[in-house]
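To start, the structure under review is shown below, and the notes come after it.
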């Protein structure tokens, strides 16, 4: 009986196996997918559990926490540094803007000062100029010095016909200086060497002042003996003198030749001649005389003519003319007699000239530029 039981069991197993081999494919696939889905579900659950376990483990990890703290600190530090940098940049920009305003203001002030300085240095003559102007006054000519005119006539020949202040450099001179040109009277081209009209400038001065000049080219001035010598030593030069008498009548004296010597000879009046005019010739008796000032007496008198008559001139014993005397245009007391701007037979003991000007120009028919 036991044998029969074993045989029946084998047949049943064989039958089940045989039937399963012939099951529809869809049944087999459904069974497979079902099993696969079960497996995937199990795998997903396993993975999720593992991730949760790792997450829990990570949050509990001291290293991870420290790393987060460091990261957060660096982020905050970086933001703080950037904020501070932006604040500094804004502050520096504000400072730059303020400094730019200050620089602009200073630049405008400097420009104004320079303009004023140039105006002063242009107008003032010789020792009347501030010390900072003297180097310009006595400067060596620049490399393009040939472009500078040698006198007012030269300036006129270059097309300038307006009277005013110009820079010149006399023939064979290494130095240039400013002069006042008259481009209108007697065909123009004249250089003022002396001008007086209102008494604003004191002409009772020392040798140094008369050597280098003084005053203001826009007012009263003396151009300087050194400049007069430079203008007259190379070419024949004419001299025009204009005077205003006590009635404000204009008078004149014209000399076709005028020149002075160097300082070593006392700036003596070497040449004066060819006179014409509507007043007497009051310069001929001063010919060959040296120039005298209150501190440098070179006249032929036993007394100092410059001190006695409060002037400076080519005195002899003492003068027929004294155009650098004291400015007095009203009647003066007896003690002041002879001490004003004087010209023979034009000024009198009690009255003196109210103005004068002396002008130079190279003589036309000797001017090789024409």
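In our numbering, the protein residues as written are 1 to 370.
We put the CB at the ideal spot given by N, CA and C, even for glycine.
Since the structure is predicted, the reported quantities are computational estimates derived from the model, not experimental observations.
CA-CA distance, residue 103 to residue 67, rounds to 52 angstroms.
Here the C-alpha atom of residue 325 lies approximately 20 angstroms from the C-alpha atom of residue 218. Spatial neighbours of residue 269 in its own chain (CB-CB distance under 7 angstroms, excluding positions within 5 residues in sequence) are listed in chain order as 260, 286, 287, 288, 289 and 314. The Cβ atoms of residue 246 and residue 278 do not sit closer than 7 angstroms to each other. The alpha carbon of residue 354 has as its nearest neighbour, out of 249, 361, 255 and 182, the alpha carbon of 249. Annotated three-state conformation of residue 266 is coil, per DSSP.
The C-alpha of residue 107 lies about 16 angstroms from the C-alpha of residue 96.
Separation of the CB atoms of residue 202 and residue 192 is rounded to 18 angstroms, and the pair is thereby denied contact status at 8 angstroms. Under the three-state reduction of DSSP output, residue 90 falls in the helix class. Burial of residue 223 is indicated by the presence of at least 16 other C-beta atoms within 10 angstroms of its C-beta.
Here the alpha carbon of residue 208 sits roughly 10 angstroms from the alpha carbon of residue 214.
Close CB contacts of residue 310 within its chain, under the 7 angstroms cut and outside five residues either way in sequence, are with 204, 325, 326 and 339 (chain order). Here residue 358 is bridged, per DSSP, to 194 and 241. The DSSP-derived three-state label of residue 125 is coil. The beta carbon of residue 164 sits closer than 6 angstroms to no other beta carbon from its chain once the five residues preceding and following it are set aside.
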